[in-house]
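Engineer: Pasting in a structure now, in structure tokens, and then I'll have a few things to ask.
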Amino acid sequence: MAGLGRIHRPVPKRSRPAVPDAPGLQCGGSDAYSGLTANPALGVAADLLVAAGGRVVLGETPEIYGAEHLLRRRAVTPAVGRRIDELIAWWQAYTARNDAELDNNPSVGNRAGGITTIWEKSLGAVLKGGTSPLNDVVAYAEPVTAPGLTFMDTPGYDPVSATGMVAGGANLLAFTIGRGSVFGSRPTPCLKISTTTRLYERMRGDIDFDAGPAMSRDDQLRHGTLLFEALIDMASGKPSKSEELGFGTEEIVPWRRGAVV
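According to my numbering, the sequence shown holds residues 53 to 313 in order.
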């Protein structure tokens, strides 16, 4: 990743790439603050990584439903844009033949956190990908090779989505959390980001970054820059809170048969 390789950090405790060349962008247990604080801040960090020559991976196809046009218009070619539409059409058929509905995605926890519709959830989820052009769309677990922003077709279920991203080459995960989660994602380190300071204080032992104050655009830019630095530090060897606790040893979850949304 051009430029970032010259940043000097302390010697890592274990072997890792010095740069998060392909971080996977995840959100889980989303609440009404996800699209107001943590996801926009992560989008700023993603843009900084892309500007430095790196790759970032956005996924969770059921959680862009209703906001897919925002990605389509950022596609670098018409073919890449059509691929987004093809994925949505496939997911509509997939859920229908498994007696499920793509637009019935917000979970009980999401609703308790203030999210009312899949469209509201999707508009917030897309913000994780920042504003960079969409350079590629790949299948689940397919290698991510294009520079800049890639969209990977994954379910919204966090362990399955993260497993696909890691298989595709993500060497770090950035995971925004609204309702709380102890997801750890070994062997790839997972930097967890709270949507509110209240959640961060309650789960301080297992959340790495508090994005709660990032309510205004100026604060999102500031916290996004700090988050960018936190991603560099973790890629350079700083252990995640989950690693220190020993979480994540059983979280490789491939996409199984049946409706996984």
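Positions of the beta carbon are idealized from the N, C-alpha and C atoms, including for glycine.
Please say whether Ala198 and Arg107 have beta carbons closer to each other than 8 Å?
Structural biologist: The sequence position of residue 107 within the sequence shown is 55, counting from 1. The sequence position of residue 198 within the sequence shown is 146, counting from 1. Yes, the Cβ-Cβ distance between Arg107 and Ala198 is below 8 Å.
Engineer: Check Pro92 in the structure and name its three-state DSSP category.
Structural biologist: Residue 92 sits at position 40 when you count from the first residue of the sequence shown. In this structure, Pro92 counts as helix in the three-state DSSP scheme.
Engineer: Would DSSP call Thr225 helix, strand or coil?
Structural biologist: Residue 225 sits at position 173 when you count from the first residue of the sequence shown. Per the sequence shown, residue 225 should be read as Leu rather than Thr. Note: Leu225 maps to strand in three-state DSSP.
Engineer: Is the beta carbon of Leu77 less than 8 Å from the beta carbon of Lys180?
Structural biologist: For the purposes of this step, residue 77 is taken as the residue at position 25 of the sequence shown. For the purposes of this step, residue 180 is taken as the residue at position 128 of the sequence shown. Closer than 8 Å, so yes.
Engineer: To test your reading of the DSSP string, which unbroken beta strand (DSSP E) runs of 3 or more residues are found completely within the segment 220-279?
Structural biologist: For the segment 220-279, whole beta strand (DSSP E) runs of length 3 or above, ordered along the chain, are 224-229 and 242-246.
Engineer: Have a look at Ile170 and Ile284 and give me their C-alpha separation to the nearest angstrom.
Structural biologist: Here residue 170 refers to the residue found at position 118 of the sequence shown. Here residue 284 refers to the residue found at position 232 of the sequence shown. Distance between the alpha carbons of Ile170 and Ile284: 32 Å.
Engineer: With burial defined as no fewer than 16 other Cβ atoms inside 10 Å of the residue's Cβ, what is the status of Thr249: buried or exposed?
Structural biologist: As a first step, residue 249 must be located in the sequence shown, where it is residue number 197. Thr249 should be labelled exposed.
Engineer: Just tell me which of Leu224, Asn223 and Ser246 has its CA closest to the CA of Val234.
Structural biologist: As a working mapping, residue 234 is identified with position 182 in the sequence shown. When only C-alpha atoms are compared, the closest one is Ser246.
Engineer: Per DSSP, what kind of secondary structure is Arg35 in: helix, strand or coil?
Structural biologist: Since the displayed the chain opens at 53 and closes at 313, residue 35 lies outside it and no answer follows.
Engineer: Residues in its own chain within less than 6 Å of Arg238 by CB, not counting five upstream and five downstream?
Structural biologist: Numbered from 1 along the sequence shown, position 186 holds the residue referred to as residue 238. Answer for Arg238: Gly300 and Thr301, listed in chain order.
Engineer: Taking the DSSP output, what are the residues bridged to Pro75?
Structural biologist: Stepping through the sequence shown from its first residue, residue 75 is reached at position 23. BP columns for Pro75 point to Leu224.
Engineer: Tell me, to the nearest whole angstrom, how far the beta carbon of Thr93 is from that of Ala266; I am working on the premise that it is less than 8 Å.
Structural biologist: The sequence position of residue 93 within the sequence shown is 41, counting from 1. The sequence position of residue 266 within the sequence shown is 214, counting from 1. The sequence shown places Ala at residue 93, not Thr. So it is a contact: roughly 5 Å between Cβ atoms.
Engineer: Which residue wins for smallest C-alpha separation from Leu123, given the options Thr183, Val313 and Arg256?
Structural biologist: Counting from one through the sequence shown, the residue named residue 123 turns up at place 71. Selected option, being the one with the closest Cα: Thr183.
Engineer: Which first and last residues belong to the alpha helix (DSSP H) in which Leu297 is found?
Structural biologist: Numbered from 1 along the sequence shown, position 245 holds the residue referred to as residue 297. Leu297 -> alpha helix (DSSP H) spans Lys293 to Leu297.
Engineer: Less than 8 Å between C-beta atoms, sequence neighbours within five positions excluded: which residues of the same chain meet that for Gly111?
Structural biologist: In the sequence shown, residue 111 corresponds to position 59, counting from 1. Same-chain partners within the cutoff: Gly76, Leu77, Gln78, Phe203, Met204, Asp205, Thr206, Ser213, Gly216 and Met217.
Engineer: With Leu110 as the anchor, note down where its beta strand (DSSP E) starts and where it stops.
Structural biologist: The sequence position of residue 110 within the sequence shown is 58, counting from 1. Counting along the chain, the beta strand (DSSP E) containing Leu110 begins and ends at Arg107 to Leu110.
Engineer: Can you check whether the CB of Leu201 is closer than 8 Å to the CB of Leu186?
Structural biologist: Counted from its first residue, the sequence shown places residue 186 at position 134. Counted from its first residue, the sequence shown places residue 201 at position 149. Cβ distance < 8 Å, so Leu186 and Leu201 count as in contact.
Engineer: Suppose the cutoff is 7 Å on Cβ atoms and the five residues either side in sequence are ignored; what does the same chain contact list for Gly298 look like?
Structural biologist: Translated into positions along the sequence shown, residue 298 becomes position 246. If we look at Gly298 and ignore the five residues flanking it on each side, it has no Cβ neighbours.
Engineer: Can you tell me whether Val190 is helix, strand or coil according to DSSP?
Structural biologist: Position 138 of the sequence shown, counting from 1, holds the residue named residue 190. Three-state DSSP puts Val190 in a strand.
Engineer: Within a Cβ cutoff of 7 Å, which residues of the same chain sit near Arg126, ignoring the five residues on either side of it in sequence?
Structural biologist: On the sequence shown, position 74 is the one that residue 126 refers to. Once the five neighbours on either side are set aside, the close Cβ partners of Arg126 are Pro185 and Leu186.
Engineer: What is the rounded straight-line gap between the Cα of Val190 and the Cα of Val196?
Structural biologist: Within the sequence shown, the letter at position 138 stands for residue 190. Within the sequence shown, the letter at position 144 stands for residue 196. Cα to Cα, the separation comes out at about 7 Å.
Engineer: Check whether the Cβ atoms of Asp258 and Ser294 lie closer than 8 Å to each other.
Structural biologist: Walking along the sequence shown from the start, residue 258 turns up at place 206. Walking along the sequence shown from the start, residue 294 turns up at place 242. The answer is yes: Cβ separation under 8 Å.
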